[in-house]
Ligand code: SF4
């Protein structure tokens, strides 16, 4: 059951449409009201809740208050959010998430290299990403690390730096999700960057069919190979293709029957081993490879 506890985002990531759609300010729902709604839903039989805010832990005080309100309810429910920002992650928040009953979180770092984080205007640095990894390791909330390769500033070296981070800092029981290429939406700063760099000439009206940006500083095929090599070496890594696998619904059903609890990505390494055993290994490709702009 998706739950939204706030509207708006004050960050300025160059590729994102949320600040335009929801606004740059923040409307925060009262944590007590959210917890009451979750309680009603839990009592009617729902067990899994996902907080779908643009950023779950911004402002951090709101996320803390929500976790405390949920913990007080002592619900038979599991929670997750796929949008946790490393800038506001600390031990206090993770303790609160553990007490509330979080069964997973997604860390949307996108990169672990400063030139790319700066090019994407993420508002945090590689040092924040490394610190977040240390904090995550001190706790028990499973973590899905989310990366986007090919943004402004990406080079072969920055791809390697991010993959080194993923390979060294992510716990084997956690998972990493990689995408290659970033969709360009009309009206975003990424559209302006792409046009200035001369890699986008389509008018906005022709961008309804997705078109993807990759930095002119990197060879898309070489980048794909780097990511592919890393995924092959680490069974807890996956890419966009993993979600479109025709076998995924069957694995999901089998997992439920075997009593595996959500989120399913916690079991990535076991699922991949199973797929590999049956000769169904998935390979990454460049997103929207037929419509990459460079
Ligand atoms: S990517 Fe997330 S943090 Fe960045 S502007 Fe969009 S919603 Fe906000």
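Numbering (the working numbering), first residue to last: 10 to 303. The beta-carbon is built from N, C-alpha and C at its ideal position, and this holds for glycine as well. Since this is a predicted model, take the numbers as computed values, not measurements.
Between the options, which lies nearest to residue i when the distance is taken from Cα to Cα?
| i | options | result |
| --- | --- | --- |
| residue 189 | 196, 86, 227 and 49 | 227 |
| residue 108 | 10, 127 and 85 | 85 |
| residue 80 | 96, 48, 55 and 61 | 48 |
| residue 186 | 200, 199 and 171 | 171 |
| residue 31 | 46, 131, 216 and 14 | 14 |
| residue 165 | 221, 233, 203 and 211 | 233 |
| residue 36 | 19, 219 and 236 | 19 |
| residue 178 | 196, 153, 259 and 191 | 153 |
| residue 121 | 38, 277, 173 and 263 | 173 |
| residue 129 | 218, 255, 163 and 55 | 163 |
| residue 257 | 280, 191, 29 and 181 | 280 |
| residue 42 | 12, 269 and 180 | 12 |
| residue 61 | 217, 180, 114 and 269 | 114 |
Measure how close the beta-carbons of residue i and residue j come, nearest whole angstrom, since I'm counting them as under 8 Å.
| i | j | result |
| --- | --- | --- |
| residue 89 | residue 53 | With a Cβ gap of about 20 Å, residue 89 and residue 53 do not count as contacting. |
| residue 282 | residue 151 | The Cβ separation is near 18 Å, so there is no contact. |
When we look at the beta-carbon of residue i and count the other beta-carbons within 10 Å, is it buried (16 or more) or exposed?
| i | result |
| --- | --- |
| residue 92 | buried |
| residue 183 | buried |
| residue 272 | buried |
| residue 299 | Here residue 299 scores only 44 on pLDDT, less than 50, and its place in the model should not be relied on; the value that follows carries that caveat. With fewer than 16 other Cβ atoms within 10 Å, it is exposed. |
| residue 156 | buried |
| residue 286 | exposed |
| residue 212 | exposed |
Measuring only the C-alpha atoms, how far is residue i from residue j?
| i | j | result |
| --- | --- | --- |
| residue 63 | residue 266 | 33 Å |
| residue 100 | residue 144 | 6 Å |
| residue 209 | residue 225 | 11 Å |
| residue 72 | residue 288 | 43 Å |
| residue 118 | residue 139 | 10 Å |
| residue 356 | residue 132 | With the chain represented from 10 up to 303, any question about residue 356 goes unanswered, as that position is not in the structure. |
| residue 147 | residue 169 | 26 Å |
| residue 215 | residue 21 | 25 Å |
| residue 105 | residue 246 | 27 Å |
| residue 297 | residue 196 | At residue 297, the pLDDT of 48 sits below 50, so the modelled position is not reliable; the number obtained from the coordinates is stated separately. Cα to Cα, residue 297 sits roughly 20 Å from residue 196. |
| residue 284 | residue 259 | 12 Å |
| residue 102 | residue 58 | 18 Å |
| residue 255 | residue 261 | 11 Å |
| residue 264 | residue 278 | 13 Å |
| residue 29 | residue 46 | 28 Å |
| residue 38 | residue 270 | 29 Å |
Beta-carbon within less than 6 Å of residue i's beta-carbon, same chain only, minus the 5 sequence neighbours each way: which residues are those?
| i | result |
| --- | --- |
| residue 123 | 134 and 135 |
| residue 198 | 23 |
| residue 16 | 31 and 36 |
| residue 202 | 161 |
| residue 33 | 19 |
| residue 193 | 199, 200, 203, 220 and 222 |
| residue 25 | none |
Among residues of its own chain, excluding the 5 on either side of residue i, which ones have a beta-carbon nearer than 7 Å to its beta-carbon?
| i | result |
| --- | --- |
| residue 74 | 40 |
| residue 98 | 66, 141 and 144 |
| residue 50 | 10 |
| residue 206 | 225 |
| residue 176 | 239 and 243 |
Leaving out the 5 sequence neighbours to the left and right, which residues in its chain are closer than 8 Å to residue i when beta-carbon positions are compared?
| i | result |
| --- | --- |
| residue 44 | 75, 78, 79, 81 and 82 |
| residue 236 | 158, 168, 172, 187, 189, 248 and 293 |
| residue 95 | 116, 118, 133, 137, 138, 140 and 141 |
| residue 110 | 79, 80, 84, 86, 87 and 88 |
| residue 149 | 107 |
| residue 56 | 85, 86 and 87 |
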